[in-house]
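Accompanying notes for the structure given below.
Number of protein chains: 2
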Amino acid sequence: MGKGAETRERILDQAVRIASRDGLEGLTIGTLSSELGLSKSGLFAHFGSKDELQVQVLQAAVDRFTETVIRPALAAPRGEPRIRALFENWLAWSNAPDMGCILVGASTEFDDRPGPQRDILAKAFRDRSAFMAKAARLAVEAGHFRSDLDPEQFAFDLDAIVLGYHNAQRLMRNPKAGDLARGSFERLLAFYKA
Amino acid sequence: MGKGAETRERILDQAVRIASRDGLEGLTIGTLSSELGLSKSGLFAHFGSKDELQVQVLQAAVDRFTETVIRPALAAPRGEPRIRALFENWLAWSNAPDMGCILVGASTEFDDRPGPQRDILAKAFRDRSAFMAKAARLAVEAGHFRSDLDPEQFAFDLDAIVLGYHNAQRLMRNPKAGDLARGSFERLLAFYKA
DNA sequence: GACAGAATAGAACGATCGTTCGTACAATAC
DNA sequence: GTATTGTACGAACGATCGTTCTATTCTGTC
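Same order as they appear, the protein sequences are chains A and B. Be aware that the first sequence starts at 1256, since it is given in my numbering, and climbs by one per residue. Be aware that the second sequence starts at 1256, since it is given in my numbering, and climbs by one per residue.
Listed below in structure tokens is the structure:
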């Protein structure tokens, strides 16, 4: 990896952190460069525009989500175990102060503003839904879940629980957020179990 | 109502609209004043600071939510009908282009930033949860729901469904978002029905 | 070790940010 | 009708925004 790519990674690393705290629009080239000890123009040259910086930050966040939540879940056996692993990994991600916020935050920042940022997010969320739906189908095939299960509905339900957890945990600071999310999750599983 | 209060209302009205599109931080005194045909300083004088403007915009949004979603639901009979009314009003609110976004958006903008904005949001969300929990308790008393229902869990579940709807509808533009949310809602009700 | 290209710094641009100030007009009180 | 108060404006402030230059330093190649 050349020197350029190396610092670019360092930049994105810090940028994800800032964007998770202040949102993607709150991420500023000035503060980002000064926190990294770089010059504004030096940092800017890596991306060419703020839009491109935002796009790359988003892509980095999406990649990390895949690496942290999705991929480890694939190590668990198909069916219910994999779905449980996915859920727990996801809760942990959502709780991480440096990253949990960025995708949810960006999704509300850009859901009404067309552009590449929105496109990346929409694709990432649709992919995630598709992954959950597929995991549900595999659970049906494995005999863990009822065969009349609607995979898309299952994906929606699971997504909603994690969003609810995020809100209860981060905004309301509800100490029972984890218990409530798991309660909801167990009811979901109980309903679909074969 | 004096002239001052009148323009202040006009300002907040437009401000809620802008904040719903661009977020509370994206709401700018310059654009807000120019969209209203006012001078920056004239508008500014009504609030004294951007923080205070944000606080009043948030409070206005919370009040409108109460007026649009909560109060009409209270007109429905206690128990299941009231809960159904609440749910449908809430979905409609979430879909309104001018307002549905502002509370959800602001909650992710400020969930990691202490201050009066966060306080207002956290209180509003906790109050809403408490209202849902109480509605669930009334449904138990009315004999519509099982007596072993956990009101707090019910409130979490309902909250999560609407958040999931919001995300599926606004970001993913999933045309089935309404069906999915209602499917989830019916499963919730079926589970708790006496 | 000279050289080409990439990587970074520095200064400056116009625009816009939130905010302050002094002033002018409008409404209200006496 | 005058005095007082409330309401809005215009100009300007310093700070910061994203961006564009030019110049300098560093990196890797023959």
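Virtual Cβ for every residue (Gly too), placed ideally from N, Cα, C.
- Proximity of B:Gln1408 to chain A, defined by a Cβ-Cβ separation below 8 Å, is satisfied.
- Fewer than three pairs of CB atoms, one per stretch, sit closer than 8 Å, so the region 1365 to 1378 of chain A makes no contact with the region 1405 to 1414 of chain B.
- DSSP places B:Lys1389 in the helix class (H, G or I) of the three-state scheme.
- Sequence-distant Cβ neighbours of A:Phe1409 in its own chain, meaning closer than 6 Å and more than five residues away, are Ala1391.
- One Cα belongs to B:Met1427, the other to B:Ser1349, and the distance between them is close to 14 Å.
- Per DSSP, B:Leu1287 is one residue of the alpha helix (DSSP H) stretching across Ile1284 to Leu1291.
- Residue pairing by DSSP places A:Lys1448 opposite A:Phe1400 in a beta bridge.
- In this structure, B:Ala1377 is the residue among B:Cys1356, B:Ala1377 and B:Met1354 with its C-alpha nearest to the C-alpha of B:Phe1365.
- One thing to note: B:Ala1316 has its Cβ within 8 Å of the Cβ of B:Ile1357.
- For B:Gly1281, the closest C-alpha among the options B:Asn1422, B:Asn1429 and B:Asp1306 is that of B:Asp1306.
- When only Cα atoms are considered, A:Asp1405 and B:Lys1258 end up about 57 Å apart.
- Separation of B:Arg1319 and B:Met1354 (C-alpha to C-alpha, rounded to the nearest whole angstrom) is 9 Å.
- Scanning its chain for C-beta atoms nearer than 7 Å, with the 5 sequence neighbours on each side dropped, one finds around B:Ala1449 the residues Gly1398, His1399, Phe1400 and Arg1401, in chain order.
- By the neighbour-count criterion, in which 16 or more other beta carbons inside 10 Å mark a residue as buried, B:Arg1425 falls on the buried side.
- Contact holds between the region 1293 to 1313 of chain A and the region 1261 to 1268 of chain A, because three or more Cβ pairs, one in each stretch, are under 8 Å apart.
- Counting the other CB atoms within 10 Å of its CB gives B:Leu1329 a total below 16, which places it among the exposed residues.
- Legend: CB atoms of the region 1367 to 1393 of chain A lying less than 9 Å from CB atoms of chain B belong to residues Asp1367, Arg1368, Arg1373, Leu1376, Ala1377, Phe1380, Arg1381 and Ser1384.
- At a beta-carbon threshold of 9 Å, none of the residues of chain B lie near A:Val1317; the nearest stands roughly 13 Å away.
- B:Arg1381 has its alpha-carbon roughly 27 Å from the corresponding atom of A:Leu1444.
- The straight-line gap separating the alpha-carbon atoms of A:Glu1335 and A:Glu1343 is approximately 12 Å.
- Nearest to A:Val1271 by alpha-carbon distance, out of A:Pro1352, A:Ala1340, A:Leu1341 and A:Trp1345, is A:Pro1352.
- Non-local C-beta neighbours of A:Lys1389 in its own chain, meaning closer than 8 Å and more than five positions away in sequence, comprise Pro1406, ordered along the chain.
- DSSP, read as helix, strand or coil, puts A:Lys1258 in helix.
- Within its own chain, the residues whose Cβ lies closer than 8 Å to the Cβ of B:Gln1269, once the five positions on either side in sequence are excluded, are Leu1287, Glu1290 and Leu1291, listed in chain order.
- Burial is judged here by how many other beta carbons sit within 10 angstroms of a residue's own beta carbon; A:Ser1384 has at least 16 and is buried.
- Between B:Val1324 and B:Leu1341, the C-beta gap is smaller than 8 Å, which places the two residues in contact.
- Residues of the same chain with a CB within less than 6 Å of the CB of A:Ala1436, apart from the 5 flanking positions on each side, are Ile1416 and Tyr1420 in chain order.
- Assignment of alpha helix (DSSP H) within the region 1316 to 1354 of chain A, counting only whole runs of 4 or more residues, yields 1326 to 1329 and 1335 to 1350 in chain order.
- If you draw a 10 Å sphere on the C-beta of A:Ala1347, you find fewer than 16 other C-beta atoms in it, and that means exposed.
- Along the region 1336 to 1365 of chain B, the positions whose C-beta sits under 9 Å from a C-beta of chain A are Pro1352, Cys1356, Val1359, Gly1360, Ala1361, Ser1362, Thr1363, Glu1364 and Phe1365, read in chain order.
- Not flagged as an interface residue toward chain A: B:Ala1449, since no C-beta distance is shorter than 8 Å.
- Chain order gives the chain B residues near A:Ile1416 as Ala1415, where near means a beta carbon separation below 7 Å.
- At a C-beta separation below 9 Å, B:Arg1272 has no neighbours in chain A, since its nearest C-beta there lies roughly 11 Å away.
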